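Novice: Going by the working numbering, the sequence shown opens with residue 869, and the numbers climb by one from there. Glycine included, every Cβ here is placed at the ideal spot set by N, Cα and C. This structure is a prediction, so every number in the text was calculated from the model and none was measured.
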Amino acid sequence: MPTPSAAAGDDGSAPPAPTILVVDDERNIRRTLDLVLRGEGYQVLVAPDAEQAVLMLEGGECRVDLAILDVNLPGMSGLDLLTTLRADAATREVPVIVISGSAGREDAAQAIRRGADDFFEKPLNRERVLVSVANALEARRLARDLAALSATTPSRYEMVGQSAVMRALFAAIEGVAPSRAGILITGETGTGKELVSRAIHRLSARAQGPFVKINCAALPPHLIDDELFGHERGAFTGAEGRKIGLFEHAHGGTILLDEIGEMDASAQAKVLRVFDVGEVRRAGSTRALRIDVRVLAATNRDLRAAAKSGRFREDLYFRLAVIPLHCPPLRERTEDIRALADAFLAAFCRENGFREKTFDPLTYAALERRAFPGNVRELKNLVERAAILAGDVLTADLLPDDPDADPFDDEAIPPTVRPRPAVTPDGPHRPTLLEVRERAEREYMLEVLASVDWNVSQAARVLGIERTNLNKRIRRFGIARPG
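(1) Relative to the C-alpha of V999, which candidate in I980, I965, P991, M1027 has its C-alpha closest?
(2) Work out the CA separation of R1307 and D1278 for me, nearest whole Å.
(3) Using 8 Å as the threshold, is the C-beta distance between I1092 and D1132 below it?
(4) Nearest to A1254 by alpha carbon, out of A1209, A1239, E1108?
(5) Name the DSSP bridge partner or partners of N1083?
(6) Taking 8 Å as the threshold (C-beta atoms), are V890 and V912 in contact?
(7) Does DSSP put D938 in a helix, a strand or coil?
(8) Three-state secondary structure (DSSP) at Q911?
(9) Taking F1143 and R1187 to be in contact with their CB atoms under 8 Å, please state how far apart those CB atoms are, rounded to whole angstroms.
(10) Our contact map puts G983 next to R954 with C-beta atoms below 8 Å; I'd like the distance itself, whole angstroms only.
(11) Could you check which residue in F1079, D892, I897 has the C-alpha nearest to that of Q920?
(12) Would you tell me roughly how many angstroms separate the C-alpha atoms of E1352 and G969, rounded to the nearest one?
(13) Can you find the residues in the same chain that come closer than 8 Å, C-beta to C-beta, to R906, ignoring five residues on each side of it along the sequence?
(14) Within the same chain, show all residues whose beta-carbon is closer than 8 Å to that of S1023, passing over the 5 residues directly before and after it, in chain order.
(15) Keeping to the same chain, check which residues put their C-beta closer than 7 Å to that of P1283; ignore five residues upstream and five downstream.
(16) Pairs of beta-carbons, one from the segment 1116 to 1126 and one from the segment 1075 to 1084, closer than 8 Å: are there three or more?
(17) Considering only the beta carbon of each residue, do A1165 and I1112 sit closer than 8 Å?
(18) Alpha carbon to alpha carbon, what distance is there between I1051 and A958?
(19) Given that a residue counts as buried once 16 or more other Cβ atoms are within 10 Å of its Cβ, and exposed if not, what is I980?
(20) Pop quiz: A1004 and D986 are said to be a contact at Cβ under 8 Å. What is the actual Cβ separation, rounded to whole angstroms?
(21) Do the CB positions of A1049 and I1205 come within less than 8 Å of each other?
(22) So for K1111, helix, strand or coil by DSSP?
(23) Out of curiosity, what's the CA-to-CA distance linking R1245 and G1058?
(24) Going by the beta-carbon positions, is the gap between P1046 and A1086 smaller than 8 Å?
(25) Quick check on the DSSP output: the alpha helix (DSSP H) that includes T952 runs from which residue to which?
(26) Where does T887 fall in DSSP's three states?
(27) Go through its chain and collect everything with a Cβ distance to D948's Cβ below 8 Å, but skip five positions before and after it.
(28) With H, G and I counted as helix, E and B as strand and the rest as coil, what does DSSP make of S1325?
(29) Keeping to the same chain, check which residues put their C-beta closer than 6 Å to that of V1330; ignore five residues upstream and five downstream.
(30) To the nearest angstrom, report how far apart N1339 and L1071 are at their CA atoms.
(31) What are the partner residues of I1191, as DSSP defines its beta bridges?
(32) Across which residues does DSSP place V1148 in a beta bridge pair?
(33) For E1108, collect the residues of the same chain with a Cβ closer than 7 Å to its Cβ; drop the 5 residues on either side in sequence, then sort them by chain order.
(34) Using CA coordinates, which residue listed in A1207, L1235, D1228, R996 is at the minimum distance from A1258?
(35) Along the chain, where does the beta strand (DSSP E) containing I967 start, and where does it finish?
(36) So, helix, strand or coil for T959, using DSSP?
In structure tokens:
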């Protein structure tokens, strides 16, 4: 795939010199540009016509950073070649400079409309050529930096937490990020494995390169291989054009193989080849492409057990798990729930244009008692749901019932409203959590309504809920004004 050269390597070595393709049917022009550009340290490839240039690019052996095209070429014209380059995803972003010996304004306008970065006439001026080349390469570098910055921006929320397990995780991330070793990130669903991988990328020497993620569980097994490694035109029925795989897109950066335990054996073998020799091969191609990619993997399964049982390649497992990192479940870091809930609520209100909202203190306690089998993702969804229903204050009654809660948990009942056990003919009876909650809520609503002379709007403001919400509760609890 013709792509711009990578930035400096992880070992601090200088990046390779940009490669420039010169396409001109005049031998002297090709020779002059070759000498001038090589004299400035560039690598140069030359072609006498558009057809040979296309063959060179389709071969995949060269990575072209910029092309200089003559308008008047035998066969396919330079403008048609420019259109071909812009139509192919593999060369769409390559800067192109168009030159001509007999150009008019229409040629120049056509070149710019078709995506040329610059246009000038022959005879060529050495300084003009070098300035144009430098500007086009710099513009492309800035565009790549912007794309890399967008790719490495955290998806929605940064990792939040001051618990001991999270402080240990943060320290581990900082320690392993600068290395080139494979990292296996484990943890239950919703614990933030992708955020950990993005943090590793941002703290590594590859931070300016792309971050590419693929969810192996979201693709049928027969498509994973094609997504990762791509294919050539005609590789199979329906392959009408070249497809660049995600490993090539991640060249110079990081790739995350999420839910890697779902990857089939064929794709596993090719990923192992990336580790061993740093090469990928598109389906239908006989040429291997050199790439420089750091591989991170994430899973919520026991990959070691899968490797031992033969359901996952053991050699790939050991390559991936050079450094294992574990994301703790939310039940092991309940002291972080308040900070997480505050962050989710503030972000949700900001993104949806809501006025600032807060939590009632009892709501924090209710959240900390929940089991959260879906971990941080479940907490986020729950907070957003409550924020939609709430007024200025999120109260505990807006939370859905916890199916995993213990109905006889004394800690679930505030001491000020905890009733004494009722006595029945069958002996003492402990009310359920729902019964206690509804009894306390009804009594408090009656108290507030009486204090404001049964003005429902004013009572709703005191209770921190919407007026329609209060009316629903009044009907639900059968509350009626005395007299």
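Specialist: If we stick to the structure as given:
(1) I965
(2) In this prediction, D1278 scores a pLDDT of 38, lower than 50, which makes its location untrustworthy; the coordinate-derived value is nonetheless stated afterwards. For D1278 and R1307, the distance between alpha carbons rounds to 15 Å.
(3) Yes, the pair counts as a contact, with Cβ atoms nearer than the cut-off.
(4) The residue from A1209, A1239, E1108 with its alpha-carbon nearest to that of A1254 is A1209.
(5) D1126
(6) yes
(7) Note: D938 maps to strand in three-state DSSP.
(8) strand
(9) 5 Å
(10) 4 Å
(11) Proximity to Q920 across F1079, D892, I897 peaks at D892, based on C-alpha coordinates.
(12) Since the first residue of the chain shown is 869 and the last is 1351, residue 1352 is not available in this structure.
(13) V912
(14) A caution first: S1023 carries a pLDDT of 37, below 50, which makes its placement in the model too unreliable to give a value.
(15) With a pLDDT of only 37 at P1283, under 50, the local geometry of the prediction cannot be trusted, and no value is derived from it.
(16) Between the segment 1116 to 1126 and the segment 1075 to 1084, the count of Cβ pairs shorter than 8 Å is three or higher; the stretches touch.
(17) no
(18) Spanning the alpha carbons of A958 and I1051 requires a straight line of approximately 29 Å.
(19) Classification of I980: exposed, given that the 10 Å Cβ count is below 16.
(20) Sure, about 6 Å apart at Cβ, within 8 Å.
(21) no
(22) strand
(23) Answer to the nearest angstrom: the Cα atoms are 5 Å apart.
(24) The answer is no: Cβ separation not under 8 Å.
(25) 946 to 955
(26) strand
(27) A918
(28) helix
(29) Answer for V1330: V1316, listed in chain order.
(30) 52 Å
(31) I1051
(32) L1157
(33) R1101
(34) Minimum Cα distance to A1258 is reached at D1228.
(35) 964 to 968
(36) coil
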